[in-house]
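Quick note on the UniProt record's numbering: the sequence shown kicks off at 1 and runs consecutively.
A short write-up of the structure that comes next.
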Amino acid sequence: MRYSTFEVLWFVLAYPASLLLAVAVGYLFAEVYYRRRQRIWKPSGIESALITIFGLLLSFTLLSSNNSLKERTGLIHQTSDAIAELYRESQLLPAPERAAVQRFLLQLLQLELNEHRPRRPHDPAHIRRLEHLDQQFWQQLSASGRTSPARTEVVRRLLPAFNRLDANTFRLHYSYREGTPYSILSLLFISSWAIGVLVGFTNSAQETRHYFVPILFVVISVLTIQAIRDLDNPELGFIRPDYGNLQDLQRIISRNQLPAPRP
1 MRYSTFEVLW
11 FVLAYPASLL
21 LAVAVGYLFA
31 EVYYRRRQRI
41 WKPSGIESAL
51 ITIFGLLLSF
61 TLLSSNNSLK
71 ERTGLIHQTS
81 DAIAELYRES
91 QLLPAPERAA
101 VQRFLLQLLQ
111 LELNEHRPRR
121 PHDPAHIRRL
131 EHLDQQFWQQ
141 LSASGRTSPA
151 RTEVVRRLLP
161 AFNRLDANTF
171 RLHYSYREGT
181 PYSILSLLFI
191 SSWAIGVLVG
201 FTNSAQETRH
211 YFVPILFVVI
221 SVLTIQAIRD
231 LDNPELGFIR
241 PDYGNLQDLQ
251 RIISRNQLPA
261 PRP
């Protein structure tokens, strides 16, 4: 999921202001219909249950977004393992094939690390670059395998590792499009506004007004929903997966890279 200008303005400015407005509506309602009319409001206990339900909804959504982050991190590790496996397999190949595999891996790592470095906007052409790189490498590898039965066996040895790498790379790419559905976010917004009105009302209807609790409610709600959005948007958010293992692999393969064969 991506951040648009509207979403940034909404989550940073409009949503906190709307939540404060909901609390103010609750205060105003209690002031007009209870305090000015000398009516006494007695808590029924349902208020605490409603606030608890809202807290559970927030916590479950936050947990789901955090699980998506863990899944992305797991895919990064699986991609790293597949790259390391293909690199190790290539060490047993003749020099031309070994150099071709190393060049392919370095180009793949460069593409991925450039795409996912901090604060870099998503490039829609990234998936096409990955597809082109995969196709180019596979054509080179299959052409080499058709030259002799021995080379065919060499290519067959690389196939499992290459397929795992290909699958994990594209799964990682598409995992960045996953996030909390807008229907769930809409439910969070509506619930937070309703609870905001309730918090404002219950505090205003009492004999002594308390302002700390409504402010704390607004702060916690805004920060929690913002954390959910950050987890849903790992490319531009503050909470991001760690690509350190891919960077280490890039350094290791670059250090041991063979020179390109002469034509």
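For every residue, glycine included, the Cβ atom is placed at its ideal position computed from N, Cα and C.
Residue of the options minimising C-alpha distance to residue i
i: Ile220; options: Lys42, Tyr34 and Ile51; result: Ile51
i: Ile253; options: Val222, Phe238, Ala167 and Gln91; result: Gln91
i: Ala161; options: Ser183, Ser186 and Gln78; result: Gln78
i: Leu57; options: Thr180, Pro241 and Leu246; result: Thr180
i: Asn256; options: Ser64, Leu130 and Ala95; result: Ala95
i: Asn245; options: Leu231, Phe60, Thr73 and Tyr176; result: Thr73
i: Ile228; options: Gln38, Phe60, Ala17 and Leu13; result: Phe60
i: Val222; options: Ser192, Ser64 and Pro234; result: Ser192
i: Arg157; options: Glu97, His116 and Tyr34; result: Glu97
Spatial distance of residue i from residue j (CA atoms)
i: Ile190; j: Tyr15; result: 11 angstroms
i: Met1; j: Lys42; result: Low confidence applies here, because Met1 scores a pLDDT of 45, under 50, leaving its location unreliable; read the following figure in that light. Distance between the alpha carbons of Met1 and Lys42: 45 angstroms.
i: residue 318; j: His173; result: Outside the shown range of the chain (1 to 263) lies residue 318, about which nothing can therefore be said.
i: Ser48; j: Leu62; result: 21 angstroms
i: Ile225; j: Phe54; result: 12 angstroms
i: Thr169; j: Tyr27; result: 53 angstroms
i: Gln139; j: Val155; result: 11 angstroms
i: Val218; j: Leu19; result: 6 angstroms
i: Arg171; j: Leu165; result: 10 angstroms
i: Phe248; j: Ile83; result: Note that residue 248 is Asp in the sequence shown, not Phe. If you take the alpha carbons of Asp248 and Ile83, they lie about 11 angstroms apart.
i: Leu9; j: Asp230; result: 14 angstroms
Alpha helix (DSSP H) segment containing residue i, residue limits
i: Leu218; result: Looking at the sequence shown, residue 218 is not Leu but Val. Segment Phe212 to Asp232, the alpha helix (DSSP H) holding Val218.
i: Ala100; result: Ala95 to Glu115
i: Ile239; result: Where Ile239 is concerned, there is no enclosing alpha helix (DSSP H), given that its DSSP letter is neither H nor E.
i: Arg39; result: That residue, Arg39, is in no alpha helix (DSSP H); it is neither H nor E in DSSP.
Where residue i falls: helix, strand or coil (DSSP)
i: Gly179; result: coil
i: Ser44; result: coil
i: Tyr15; result: helix
i: Ala125; result: coil
i: Asn163; result: helix
i: Arg251; result: helix
i: Leu172; result: helix
i: Arg209; result: coil
i: Gln135; result: helix
i: Gln140; result: helix
Residue i: CB within 7 angstroms of a non-hydrogen atom of the ligand SAH
i: Leu63; result: This structure does not include the ligand SAH; it has no bound ligands of any sort.
Between the region 178-196 and the region 10-25, do three or more beta carbon pairs fall short of 8 angstroms?
yes
Answer yes if the region 86-101 comes into contact with the region 177-186, meaning at least three C-beta pairs across the two stretches below 8 angstroms, and no otherwise.
Segments in contact, no.
With a cut-off of 8 angstroms, do at least 3 Cβ pairs link the region 209-218 to the region 60-77?
no
Any contact of the region 80-89 with the region 242-256, i.e. 3+ C-beta pairs under 8 angstroms?
yes
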